[in-house]
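Residue numbers (my numbering): 431 to 643.
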């Protein structure tokens, strides 16, 4: 099994000796929430740019012909590995409608590129349930294992697409970690800090786009 699938699929369970509840992979992200003319969310478009250390480890794992680059077939294998590995993690999508969690469907493909020493991933997912632009909708990207830190450099990197979005008030929320810990002290148990996998509490720390329609 290649290291990429281990790192992304179950890092805390399979990597011995790593510090728990601490990110080791870093990615800059862009998220576009797309609506149609009927006034419903139809698609979530994602771009992830990974740090150079993780990117170089992927290069070592998947560069089969050792030419120090990722050829098209090797990039395709990276994309397939990630697509399969993240299925159990809802593709790191945090989507909710008036407080109800909305899962997303498996993407048709995860497209991968390698530029200037950094790995890039492009993919689109769709909500598995209708999401009309009513009430409060929230969208974010987070790793429930806390092993990967995915964040947005600017508020503009969390964008909306579609004329029907103009009826919604838009806000990017960047939680303060100290305040999150203080507000949830009674629920953030020792189990969360030793192994947050399965607690689903790490989403409290994730940057999110909130739409009030």
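Note that the Cβ used here is the ideal one computed from N, Cα and C, for glycine as well. Bear in mind that the values here come from a model prediction, so they are computed numbers and not experimental data.
- The beta-carbon distance between residue 525 and residue 569, rounded to whole angstroms, is 6 Å. This is short enough to meet the 8 Å contact definition.
- Judged by DSSP secondary structure, residue 601 falls within the beta strand (DSSP E) whose first and last residues are 599-603.
- Cβ contact annotation for residue 474 (same chain, cutoff 8 Å, sequence separation greater than five): 461, 462, 463, 464, 523, 525, 534, 554, 555, 556, 557, 569, in chain order.
- In the DSSP annotation of this structure, the continuous segment of the beta strand (DSSP E) that includes residue 457 starts and ends at 455-465.
- Residue range 502-515 is occupied by the alpha helix (DSSP H) that includes residue 512.
- Distance from residue 480 to residue 549 at the Cβ level is roughly 4 Å; contact confirmed, criterion being Cβ atoms closer than 8 Å.
- The region 494-510 makes contact with the region 537-548, as at least three CB pairs between them are under 8 Å.
- Distance from the CA atom of residue 580 to the CA atom of residue 610, rounded to whole angstroms, is 18 Å.
- Following the DSSP letters along the chain, one finds residue 527 inside the beta strand (DSSP E) bounded by residues 523-527.
- Straight through space, the alpha carbons of residue 571 and residue 487 are spaced by roughly 23 Å.
- Straight across, the Cα-Cα distance linking residue 593 with residue 565 is about 17 Å.
- In the assembly as shown, residue 490 is an exposed residue. Its beta-carbon has fewer than 16 other beta-carbons within 10 Å.
- Less than 8 Å separates the beta-carbon of residue 639 from that of residue 588.
- Residues of the same chain with a CB within less than 6 Å of the CB of residue 477, apart from the 5 flanking positions on each side, are 460, 552 in chain order.
- For residue 584, the number of other beta carbons within 10 angstroms of its own is below 16, and it is reported as exposed.
- With fewer than 16 other CB atoms across the displayed protein chains lying within 10 angstroms of its CB, residue 497 is exposed.
- Taking a 10 Å sphere around the C-beta of residue 532, we find 16 or more other C-beta atoms and assign the residue as buried.
- Taking 8 Å as the cut-off, the Cβ atoms of residue 598 and residue 641 count as close.
- DSSP, read as helix, strand or coil, puts residue 612 in helix.
- Taking a contact as a CB-CB distance under 8 Å, the pair residue 527 and residue 567 counts as one, their CB atoms being some 6 Å apart.
- Put simply, of 636, 499, 530, 590 the residue whose alpha carbon is nearest the alpha carbon of residue 603 is 636.
- Under the DSSP assignment, residue 551 falls in the beta strand (DSSP E) whose first and last residues are 548-555.
- Comparing alpha-carbon positions, the option among 514, 515, 502, 573 lying closest to residue 545 turns out to be 502.
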